[in-house]
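Okay, so the sequence shown: first residue is 0 according to numbering that gives the first Met the number 0, each after it adds one.
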Amino acid sequence: MSGHGTSISMSSHRSKGLNGTAEVPGDKSISHRSLILGALSVGETVITGLLEGQDVLDTAKAMQAMGAEVVRDDDGTWRVHGVGVGGFAEPDQVIDCGNSGTGVRLIMGAMATSPIAATFTGDASLNKRPMARVTDPLGLFGAQAVGRSGGRLPMTIVGAHDPLPVRYTVPVPSAQVKSAVLLAGLNAPGQTVVIEREATRDHTERMLAGFGAEITTEDTDEGRVITLTGQPELTPQTIAVPRDLSSAAFPVCAALITEGSDVLVPNIGLNPTRAGLFTTLREMGADLNYENEREEGGEPVADLRARFSPDMKGIEVPPERAASMIDEYPVLSVVAAFAEGQTVMRGVKELRVKESDRIEAMATGLRANGVEVEDGPDWWIVHGRGQGNVPGGATCASHLDHRIAMSFLVMGLATQSPVSVDDGGPIATSFPVFEPLMAALGADIRRG
Ligand code: S3P
0 MSGHGTSISM
10 SSHRSKGLNG
20 TAEVPGDKSI
30 SHRSLILGAL
40 SVGETVITGL
50 LEGQDVLDTA
60 KAMQAMGAEV
70 VRDDDGTWRV
80 HGVGVGGFAE
90 PDQVIDCGNS
100 GTGVRLIMGA
110 MATSPIAATF
120 TGDASLNKRP
130 MARVTDPLGL
140 FGAQAVGRSG
150 GRLPMTIVGA
160 HDPLPVRYTV
170 PVPSAQVKSA
180 VLLAGLNAPG
190 QTVVIEREAT
200 RDHTERMLAG
210 FGAEITTEDT
220 DEGRVITLTG
230 QPELTPQTIA
240 VPRDLSSAAF
250 PVCAALITEG
260 SDVLVPNIGL
270 NPTRAGLFTT
280 LREMGADLNY
290 ENEREEGGEP
300 VADLRARFSP
310 DMKGIEVPPE
320 RAASMIDEYP
330 VLSVVAAFAE
340 GQTVMRGVKE
350 LRVKESDRIE
360 AMATGLRANG
370 VEVEDGPDWW
380 IVHGRGQGNV
390 PGGATCASHL
400 DHRIAMSFLV
410 MGLATQSPVS
420 VDDGGPIATS
430 FPVFEPLMAA
440 LGADIRRG
């Protein structure tokens, strides 16, 4: 099921070399934050390069429901007229965040210190995911949450009337939790402090500073200590959303495993809190180069050049790198199947609570396609078969998870027999142009 009724079954077939340039769409994390911070500013924020995937469109609708004006010009520029910090109106309908954990968790944080109530729901995947990780710290501000058992959506948040600032150590490595607390801290008086033991993506901190909030980050023995001064007036911004490194991962990995490939993926942000996959691939022996390295908007950016890499070796991925590549383990496990030897991935418990249980979903599909996988609660090992030796031939369940669907479709480009997925519909949540982009490179991916 795609979450919208009909499933879109898809298959991927052994392809000749992938060649050309892959212009991937805007970054999902930064797109959500652009809309939310724009909605919390006074005046007009102008956004170009916004990811027009379903997850982000759902966040745009939610911001409208809370009183912000969000419009799209014909040329694809988005304009957000914000209501200011503390200015959200109470939505008169349930907010449906679709498939998006980032959307729902960040919006819950952003409204939790305003005197309004809002009820949130999502698709079958989102309604299974844990929300207590966000509602626990939001409770410290004075917000109340009532949801289904196990802290699941649908859930109503009653925002705090007199919010208190909070000092909170995030118990799991999660940028969504960190961001929810920071966004809630915006409308609390005084300083809100968030401590994270492991560094996770820092887009919220960078963007809050860009919108004029007073925010500092200090590396200490406790971890990263982020201090935000509440009740700022956020100044609207002009934002050029960089291309999504997590989407770039798919054409890059496809090129590495498909014989005769040479693909350029231009303008990819290499923020160190995000770029762990590329470090890992290079350690495995991938022919992956950063060309035209530069800085844009304070972030390192490069064009990625990926070529067929028949001699990759399995490695042990350092667990401390996990947060910087958490969304990329599914496609890494596909590359690992084509490498020689074992790829060992530890410290990845968070993979079990993503859009699907990603260890379970990938392990099951890899095994069905002839790849040996071992797994435990927070680890998994893929036994590589080497280039040309991965059988394929099976249909994999995507479990309403875009990255599972895309990973198996990448895999089928280089297996002996085609690989199918039961539903490619969820791909539209993050990478709506995946099919034409891959086809233009020469990938044989079909519907039905
Ligand atoms: C995201 C954080 C990560 C990531 C997700 C996007 C964000 O989730 O998996 O795709 O934009 O903050 P967690 O915070 O649950 O690790």
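Ideal placement from N, C-alpha and C gives every residue a C-beta, glycine not left out. As the structure is a prediction and not an experimental result, all values here were calculated from the model.
- [ ] List the endpoints of the continuous beta strand (DSSP E) containing residue 10.
- [x] Counting along the chain, the beta strand (DSSP E) containing residue 10 begins and ends at 9-12.
TODO: Give a yes or no on whether the C-beta atoms belonging to residue 243 and residue 23 are separated by under 8 Å.
DONE: Judged by beta-carbon spacing, residue 23 lies within the 8 Å limit of residue 243, meaning their Cβ atoms are closer than that value.
- [ ] State yes or no: is the C-beta of residue 174 nearer than 7 Å to some heavy atom of ligand 1?
- [x] Yes.
- [ ] Quickly, what does DSSP pair residue 144 with across the bridge? List them, please.
- [x] Answer by DSSP bridge pairing, in chain order: 156.
TODO: Look at residue 403 and residue 355 and say whether their C-beta atoms are less than 8 Å apart.
DONE: Cβ distance < 8 Å, so residue 403 and residue 355 count as in contact.
TODO: Using the DSSP secondary-structure output, state which residues sit across from residue 72 in a beta bridge.
DONE: None, per the DSSP bridge assignment.
Open item on the list: Helix, strand or coil, according to DSSP, for residue 115 in the structure here?
Closed with: In the structure shown, residue 115 sits in coil (DSSP, three-state: anything other than H, G, I, E or B).
TODO: Using three-state DSSP, classify residue 100 as helix, strand or coil.
DONE: Three-state DSSP puts residue 100 in a helix.
Task: Per-residue burial, residue 1 [other beta carbons within 10 Å of its own, 16 or more giving buried] - done: Low confidence applies to residue 1: its pLDDT is 42, below 50, so where it sits in the model is not reliable, and the reading given next is rough at best. It counts as buried.
Task: Inter-stretch contact (C-beta, 8 Å, three-pair minimum) for the stretch 202-212 and the stretch 253-266 - done: Between the stretch 202-212 and the stretch 253-266, the count of Cβ pairs shorter than 8 Å is below three; the stretches do not touch.
Task: Euclidean distance between Cα positions of residue 305 and residue 249 - done: Their backbone Cα atoms lie some 11 Å apart in a straight line.
Open item on the list: Could you check whether the Cβ of residue 258 sits closer than 8 Å to any Cβ belonging to chain C?
Closed with: Checking the listed chains, one finds no chain C in this structure; it contains a single protein chain.
- [ ] Kindly identify the DSSP beta-bridge partner or partners of residue 80.
- [x] 43, 68, per the DSSP bridge assignment.
TODO: Measure the Cβ-Cβ separation of residue 33 and residue 419 and say whether it is below 8 Å.
DONE: No, Cβ-Cβ distance for residue 33 and residue 419 is not below 8 Å.
Open item on the list: Looking at the strands, I want to know which residues DSSP matches up with residue 394.
Closed with: Per DSSP, 419.
Open item on the list: Which of the three DSSP states is assigned to residue 209 in this structure?
Closed with: Helix at residue 209.
Open item on the list: Short of 8 Å in beta carbon distance, which residues of its chain neighbour residue 127, apart from the five on each side in sequence? Order them along the chain.
Closed with: So the qualifying residues of the chain are 151.
TODO: Using beta-carbon positions only, say whether residue 263 and residue 277 come within less than 8 Å of one another.
DONE: No Cβ-Cβ contact shorter than 8 Å links residue 263 with residue 277.
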